[in-house]
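First up is the structure itself, then whatever we jot down about it.
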Amino acid sequence: MSILTVKQLTKQFGGLTANSNINMDVQKGSITAVIGPNGAGKTTLFNMVTGVYQPTSGDILLNGESIVGLKPHQVAQKGISRTFQNIRLFGAMTVLENVMVGMHTHLRSGLFHTMFSTPLMRKEEKEAKQEAYRLLQYVGLESLYNEEAKNLPYGAQRKLEIARALATKPKVLLLDEPAAGMNPKETAELTKLIYHMREQLQLTIILIEHDMKLVMEISEHIIVLDHGEKIAEGTPDDIRNNEKVIEAYLGKGATTAS
Amino acid sequence: MKKWLNVLEQNKRLQAIVIAVYIVVTFISLYLAQKSVVAFLLLLSSLLLLHFTTFSHRVKWVIGIVVLSVLLPLAASQGEAYQSYMEVATLVGIYIAMALGLNIVVGLAGLLDLGFVAFFAIGAYTYGIFATTQANNFMPFGQYPLSGESFWVFLIIGCIVAAIFGILLGIPVLRVKGDYLAIVTLGFGEIIRIIFNNLDKPINITNGAMGLASVQPPKLFGLEFMYPSQFYYVVLVILLLTIFVVRRLEYSKIGRAWKAVRENEIAAQAMGIPLVRTKLMAFAVGASFSGMMGVVFAAKQTFVDPTSFTLLESITILVMVILGGMGSVPGVILGAALVTILNLQVLTELTNWLNQLSLSGVVHIPDALSPAKMQRFIFGVILILFALYRPQGLLPAKNPRFDEKELKSGATNMVDGKEGAKDVYFNG
Numbered sequence: 001m002s003i004l005t006v007k008q009l010t011k012q013f014g015g016l017t018a019n020s021n022i023n024m025d026v027q028k029g030s031i032t033a034v035i036g037p038n039g040a041g042k043t044t045l046f047n048m049v050t051g052v053y054q055p056t057s058g059d060i061l062l063n064g065e066s067i068v069g070l071k072p073h074q075v076a077q078k079g080i081s082r083t084f085q086n087i088r089l090f091g092a093m094t095v096l097e098n099v100m101v102g103m104h105t106h107l108r109s110g111l112f113h114t115m116f117s118t119p120l121m122r123k124e125e126k127e128a129k130q131e132a133y134r135l136l137q138y139v140g141l142e143s144l145y146n147e148e149a150k151n152l153p154y155g156a157q158r159k160l161e162i163a164r165a166l167a168t169k170p171k172v173l174l175l176d177e178p179a180a181g182m183n184p185k186e187t188a189e190l191t192k193l194i195y196h197m198r199e200q201l202q203l204t205i206i207l208i209e210h211d212m213k214l215v216m217e218i219s220e221h222i223i224v225l226d227h228g229e230k231i232a233e234g235t236p237d238d239i240r241n242n243e244k245v246i247e248a249y250l251g252k253g254a255t256t257a258s
Numbered sequence: 001m002k003k004w005l006n007v008l009e010q011n012k013r014l015q016a017i018v019i020a021v022y023i024v025v026t027f028i029s030l031y032l033a034q035k036s037v038v039a040f041l042l043l044l045s046s047l048l049l050l051h052f053t054t055f056s057h058r059v060k061w062v063i064g065i066v067v068l069s070v071l072l073p074l075a076a077s078q079g080e081a082y083q084s085y086m087e088v089a090t091l092v093g094i095y096i097a098m099a100l101g102l103n104i105v106v107g108l109a110g111l112l113d114l115g116f117v118a119f120f121a122i123g124a125y126t127y128g129i130f131a132t133t134q135a136n137n138f139m140p141f142g143q144y145p146l147s148g149e150s151f152w153v154f155l156i157i158g159c160i161v162a163a164i165f166g167i168l169l170g171i172p173v174l175r176v177k178g179d180y181l182a183i184v185t186l187g188f189g190e191i192i193r194i195i196f197n198n199l200d201k202p203i204n205i206t207n208g209a210m211g212l213a214s215v216q217p218p219k220l221f222g223l224e225f226m227y228p229s230q231f232y233y234v235v236l237v238i239l240l241l242t243i244f245v246v247r248r249l250e251y252s253k254i255g256r257a258w259k260a261v262r263e264n265e266i267a268a269q270a271m272g273i274p275l276v277r278t279k280l281m282a283f284a285v286g287a288s289f290s291g292m293m294g295v296v297f298a299a300k301q302t303f304v305d306p307t308s309f310t311l312l313e314s315i316t317i318l319v320m321v322i323l324g325g326m327g328s329v330p331g332v333i334l335g336a337a338l339v340t341i342l343n344l345q346v347l348t349e350l351t352n353w354l355n356q357l358s359l360s361g362v363v364h365i366p367d368a369l370s371p372a373k374m375q376r377f378i379f380g381v382i383l384i385l386f387a388l389y390r391p392q393g394l395l396p397a398k399n400p401r402f403d404e405k406e407l408k409s410g411a412t413n414m415v416d417g418k419e420g421a422k423d424v425y426f427n428g
C-alpha cells in the first residue's frame, strides 16, 4: 500500500528547473532512499513534500489526500516530519526542550490552562517531559538532556534532530543526509536506529544520503535523481547495475565494490 | 572573597541573617536620613540580593512583596521627599512592565521592535480621551469625562485595545524579517505618534499637540488616587500580575514555541508550529502589558500629549531589555530599574549637584554638558559596551533545568505506547 505518492512534480526557480516531472510511489513501512549528485534536486523534492516550497506543478498525495498548498506546520500536523541537511536545531534551548518543541501539536492545553496552571496542564507537561526523555533514550542522548543543543558534538546533533522529528509522532519521516559528517561507528549506529524506528514505530522512512554503503544496506527502494529528473528507480541491485546511474553518479567502482 | 561566597552559598541560615541585616540597616538609614537617595537605592537593591539567595521561590516572593509593599513606603514616608521617592518607584514599575512586554517580543520571539512605545501611547490615549471632556467632541452618546471608577475597567480595555493594535500591526509587518522588521516597526511607532499629534482635524479626537489635560484620577470606594504613593500600589499589583503571567508563559508550550521561532523559523515550522499565529501572539501579549501601563501613566500624569511617546522612549525600553539580558525576566527587571533610576535619580541629582557647584563658583560647567542632557549619549555608550563585552546582559537568560528523577519516573511505553523502551536503546 502506498502512503506517499508524488505525481508529475515540477519546481522551477526562475529559469532553473530544479525538479522536473518527478513521479514517486512510497510504500507504507518501507525505507526509500533518494540519491544523486549534488544539485540533482533531492533537497528541493524534500522541501516540496514538507511544504517549505510550493511546487510549480504536480501533486503530492499523503494517504490519497493532496497536501500541496499546505503550510509547513500543517504538513507536520498531517504526519510528515523531517530532519535537515544543514542542522537546524534550536541552539540556545536545552536538548530536552528541543524534543519538547516537537510535541507542540500534541499538547492540548491553551492559554487558559497555562495561565492558571491547571492540573490538566501540569499533567500534560509532566508527561511531555517524560516522553521527551524516553525519545532521548531511544536515540542514545539521555545523558545530555540539560545541555544546550548548540554545544553538542556534530553526530549527537544529528541524532537530536531525529529525536525531535520523532516527537511530532510522524507517519512518514524524511531524513536529509542523516549520516553526513559521521564516522563509520556512528554510521553503523545510525543504520541500526533507522531499522529500529521502522520496526518499532511503524514508520515510513525516506532518506537522502551520499553514503552508498548505508543506502545499499538499508533501503528497499532507491530513486536516483540527476539534473532534476528521475533517471532510475528500483531495488539496490537494480540501481547498482544501472548503466545510467553508474555514469551519472556511482562511477565504475560501484559494481565491483560489493 | 571567593571562599566566603562559597560558604554563604551553602549556608541558608547565614544568607537569611545577611539579607535580614541588610534590609534592617538600609531600612533604618532611609528612615532616618530621608534625603539620602543612596539609602533609598540601597534598600531597593535588597531585592537584587534576594535574587541571588538560594531560598525557595515562594520565600523569595514573600520577602520581596513585603519589602516592596510595606518596608519601602514606610521607610520613605517620614519626610518631604516621600512623594518624589514614590514617583520614582512608580515609574520604575511602569517601565519594568513595559520592558517585560518588549522582552516577550524581542527576547523570546526574537522580533526586533523599535516602535514599542506606540502601544503605551495607545493605552494612555484610550483612557485619556474618555476620562477628559475630549470624548464629547465625537461620541454621539454618553457624558464625558467618565468618572474615576471607570479607570479599573479601562485597565482591561487598554490592555485589549493595545493587543488588537499589536495584531493589526503584526499582520502586515510579520512578512518581513530581521533588519526590515526593525525599520517597519520604527515607522509604526512614529506613525502612531504623528497620528495622535494631528488627529484634531477634521474631528477633534486627540486634541493634537495640545494634549489632553486634567485626566480624571482613578477612584476606588470613594477614595481618589492623586499621589504617587497611591499609584505606587496600583502599579505594584499590575507589575506582580505581569511577572506572574510572563513566567507562566515562558515555561509553557507557548514560550517554547516563541523560543523555537527565535532560534530557527524553518525548523519551528517543520515541528508543527504555526509561524504567523505564534508571532502575532508575542506581539499581542507584549503590547497588552504596555497598553495597561499606558492607562496607569495617563491617570498618574493627568496629562497626555504626543511628546511622551517619542522614538527615544522606544529605544530606552530596548536598552533596558538588552542591558538586563534578552529573554531573562530577572535581568529585564534589573535592567529597567537601573535605566529608569539612572534617568530619574542619578542624572538629575548629578545635575543639581553640578549646578550648585557652579552657582557657588567652584567650577563652571556649560549648560550643554549637564548630565541630564547626556541621556542619549549614555544609552549609546551602554549599548556599545554591552554589545562588545557582555552581549547576554547583566543577568543572562537561563534555560529550565530538569530533574532526572522526574523524567525517569514515567511509564515505560514508547512513542505510540507500543513497545517497552528499555530494550530498544539505540546502543543496546
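Residue numbers (the UniProt record's numbering), protein chains in the order written: chain A, 1 to 258; chain B, 1 to 428.
Backbone N, C-alpha and C fix where the C-beta goes; we use that ideal spot for every residue, glycine too.
No experiment lies behind these values; they were computed from the predicted model shown.
### Task
Report the option in A:THR10, A:GLU220, A:GLN200 and A:ALA167 whose CA atom is closest to the CA atom of A:PHE46.
Along the first sequence, one-based indexing puts residue 46 of chain A at 46. Among A:THR10, A:GLU220, A:GLN200 and A:ALA167, the Cα nearest to that of A:PHE46 is on A:THR10.
DSSP state of A:LYS171 mapped onto helix, strand, coil:
Locating residue 171 of chain A in the first sequence gives position 171, counting from the first residue. It is coil, neither helix nor strand.
| Would A:PRO72 count as contacting chain B if we go by Cβ distances under 9 angstroms? | Here residue 72 of chain A refers to the residue found at position 72 when the first sequence is read from its first residue. The C-beta of A:PRO72 comes closer than 9 angstroms to at least one C-beta of chain B.
*Which full runs of the alpha helix (DSSP H) of 4+ residues lie inside the segment 379 to 408 of chain B, going along the chain?*
404 to 408, all fully within the segment 379 to 408 of chain B.
- prompt: Looking at chain A, which residues of the segment 221 to 248 of chain B have a Cβ within less than 8 angstroms of any of its Cβ atoms?
  reply: Residues passing the 8 angstroms Cβ filter: VAL245 and ARG248.
Does the beta-carbon of A:ASN86, which I'm using as the reference point, lie nearer than 8 angstroms to any heavy atom of the ligand NAD? Ligands displayed in this structure: none; no statement on the ligand NAD is therefore possible.
Quiz item: Under 9 angstroms between the Cβ atoms of B:GLY189 and B:GLY79?
Solution: Start at 1 with the first residue of the second sequence, and residue 189 of chain B comes out as number 189. Start at 1 with the first residue of the second sequence, and residue 79 of chain B comes out as number 79. In this structure, B:GLY79 does not lie closer than 9 angstroms to B:GLY189 by Cβ.
- Pair within 9 angstroms by beta-carbon distance, B:ASN399 and A:GLU199: Along the second sequence, one-based indexing puts residue 399 of chain B at 399. Along the first sequence, one-based indexing puts residue 199 of chain A at 199. No, the Cβ-Cβ distance between B:ASN399 and A:GLU199 is not below 9 angstroms.
message = One question on the structure: do A:ASN23 and A:LYS7 come within less than 9 angstroms of each other, judged by their Cβ atoms?
response = For the purposes of this step, residue 23 of chain A is taken as residue 23 along the first sequence, with counting starting at 1. For the purposes of this step, residue 7 of chain A is taken as residue 7 along the first sequence, with counting starting at 1. Contact flag set, yes.
Say whether the segment 279 to 289 of chain B touches the segment 74 to 90 of chain B, bearing in mind that this needs 3 or more beta-carbon pairs closer than 8 angstroms, one atom from each stretch. Counting Cβ pairs under 8 angstroms, fewer than three are found: no touch.
When the distance is taken between beta carbons, is A:ALA132 closer than 9 angstroms to B:MET271?
Position 271 of the second sequence, counted from the start, is the residue given in the question as residue 271 of chain B. Position 132 of the first sequence, counted from the start, is the residue given in the question as residue 132 of chain A. Against a cut-off of 9 angstroms, the Cβ pair of A:ALA132 and B:MET271 comes out as no contact.
| request: Indicate whether the contact test is met: 3 or more Cβ pairs, each with one atom in the segment 61 to 80 of chain B and one in the segment 31 to 51 of chain B, closer than 8 angstroms. | output: Counting C-beta pairs with one atom in each stretch, the segment 61 to 80 of chain B and the segment 31 to 51 of chain B have three or more that are closer than 8 angstroms, which means they touch.
query = Where do the ends of the alpha helix (DSSP H) carrying A:ALA76 lie?
reply = Within the first sequence, the letter at position 76 stands for residue 76 of chain A. Element bounds for A:ALA76: 72 to 78.
Exercise for review: Leaving out five residues on either side along the sequence, give the residues of the same chain with a beta carbon under 7 angstroms from the beta carbon of A:GLU124.
Suggested key: Translated into the one-based positions of the first sequence, residue 124 of chain A becomes position 124. Answer for A:GLU124: LEU107, ARG108 and SER109, listed in chain order.
Exercise. Measuring alpha carbon to alpha carbon, tell me which of A:THR168, A:LYS169, A:ARG158 and A:ALA167 ends up nearest A:GLU189.
Key: Taking the first sequence and counting its residues from 1, the one referred to as residue 189 of chain A is at position 189. Answer by Cα proximity: A:ARG158.
query: Below 9 angstroms between beta carbons: does that hold for B:SER288 and B:ILE160?
result: To locate residue 288 of chain B, count along the second sequence from 1; it is residue 288. To locate residue 160 of chain B, count along the second sequence from 1; it is residue 160. The Cβ atoms of B:SER288 and B:ILE160 sit closer than 9 angstroms to each other.
Q) So which residues on chain B does A:ASN23 lean against when the C-beta distance must stay under 7 angstroms? A) Position 23 of the first sequence holds residue 23 of chain A. Residues of chain B with a Cβ closer than 7 angstroms to the Cβ of A:ASN23 do not exist, since the nearest Cβ in that chain sits about 24 angstroms away.
**Prompt:** Between the segment 250 to 263 of chain B and the segment 67 to 81 of chain A, do three or more beta carbon pairs fall short of 8 angstroms?
**Reply:** The way I'd put it, the segment 250 to 263 of chain B doesn't touch the segment 67 to 81 of chain A; fewer than three beta-carbon pairs between them come closer than 8 angstroms.
Inset, instruction - Give the DSSP-derived three-state secondary structure of A:LYS247 in the structure shown. - result: Looking up residue 247 of chain A in the first sequence gives position 247. Note that residue 247 of chain A is Glu in the sequence shown here, rather than Lys. In the structure shown, A:GLU247 sits in a helix (DSSP, three-state: H, G or I).
(Q) Here's the rule: buried if 16 or more other CB atoms are within 10 angstroms of the residue's CB, otherwise exposed. What is A:VAL99? (A) Here residue 99 of chain A refers to the residue found at position 99 of the first sequence. When all chains shown are included, A:VAL99 counts as buried.
Between the segment 266 to 288 of chain B and chain A, which residues of the former have CB atoms less than 8 angstroms from a CB of the latter, in chain order?
So the list reads ILE266, ALA267, ALA268, GLN269, ALA270, MET271, GLY272, ILE273, PRO274 and LEU275, given in the order they occur along the chain.
Next item on the list: Please decide whether B:LYS219 counts as near chain A, where near means a Cβ-Cβ distance under 9 angstroms.
Entry: As a first step, residue 219 of chain B is located in the second sequence; it is residue number 219 there, counting from the start. So no, B:LYS219 is outside the interface.
With distance defined between alpha-carbon atoms, name the residue in A:LEU225, A:ILE218 and A:GLU243 nearest to A:ILE31. Here residue 31 of chain A refers to the residue found at position 31 when the first sequence is read from its first residue. Ranking A:LEU225, A:ILE218 and A:GLU243 by Cα distance to A:ILE31 puts A:ILE218 first.
Q. Are the C-beta atoms of A:HIS210 and some chain B residue less than 9 angstroms apart?
A. Taking the first sequence and counting its residues from 1, the one referred to as residue 210 of chain A is at position 210. No, no contact with chain B.
Do you know offhand how far B:LEU275's Cα is from A:PRO119's? Here residue 275 of chain B corresponds to residue number 275 of the second sequence, with the count starting at 1. Here residue 119 of chain A corresponds to residue number 119 of the first sequence, with the count starting at 1. Each residue's alpha carbon lies about 28 angstroms from the other.
Quiz item: With contact counted as at least three CB pairs below 8 angstroms, one residue from each stretch, are the segment 359 to 373 of chain B and the segment 388 to 397 of chain B in contact?
Solution: Short answer: they don't touch.
Beta-carbon proximity list for B:ALA76, same chain, < 7 angstroms, skipping 5 on both sides:
The residue given as residue 76 of chain B occupies position 76 in the second sequence. Here the set comprises LEU30, PHE40, TYR82, TYR85 and MET86.
Along the chain, where does the alpha helix (DSSP H) containing B:ASN352 start, and where does it finish? For this step, residue 352 of chain B is matched to residue 352 along the second sequence. Residues 347 to 359.
Q) How about B:PRO330: is its C-beta nearer than 9 angstroms to some C-beta of chain A? A) Here the question's residue 330 of chain B lines up with position 330 in the second sequence. No, no contact with chain A.
Q. Counting contacts by CB-CB distance shorter than 9 angstroms, is B:PRO400 in contact with chain A?
A. On the second sequence, residue 400 of chain B is found 400 positions in, with the first residue counted as 1. Yes, B:PRO400 counts as interfacial toward chain A.
Residue nearest to B:ALA182 in terms of C-alpha spacing, selected from B:GLN10, B:GLY331 and B:ILE315: The residue given as residue 182 of chain B occupies position 182 in the second sequence. The shortest C-alpha to C-alpha distance from B:ALA182 to any of B:GLN10, B:GLY331 and B:ILE315 is the one to B:ILE315.
- Item | 8 angstroms Cβ shell around B:VAL176 - same chain, five flanking residues per side excluded | Counting from 1 along the second sequence, the entry for residue 176 of chain B is found at position 176. Excluding residues within five positions, the ones whose Cβ falls inside 8 angstroms are VAL184.
Query - Alpha-carbon to alpha-carbon, A:HIS227 and B:ALA421 - result: If you number the second sequence from 1, residue 421 of chain B lands on position 421. If you number the first sequence from 1, residue 227 of chain A lands on position 227. At B:ALA421 the pLDDT is 38, less than 50, meaning the model places this residue with poor confidence; the figure from the coordinates comes in the next sentence. Going by the C-alpha atoms only, they are around 43 angstroms apart.
### Task
Compare the C-beta of B:LYS408 with all C-beta atoms of chain A and state if any pair is closer than 9 angstroms.
Taking the first residue of the second sequence as 1, we reach residue 408 of chain B at position 408. At a cut-off of 9 angstroms, the C-beta of B:LYS408 has a neighbouring C-beta in chain A.
- Interface partners of A:MET93 on chain B, CB under 9 angstroms: As a working mapping, residue 93 of chain A is identified with position 93 in the first sequence. Listed along chain B are ARG256, LYS259, ALA260, GLU263 and ASN399, each with a C-beta nearer than 9 angstroms to that of A:MET93.
Quick check on the DSSP output: what are the complete beta strand (DSSP E) runs of length 3 or more inside the segment 217 to 272 of chain B, in order along the chain? Taking only runs of at least 3 residues, no beta strand (DSSP E) segment lies wholly in the segment 217 to 272 of chain B.
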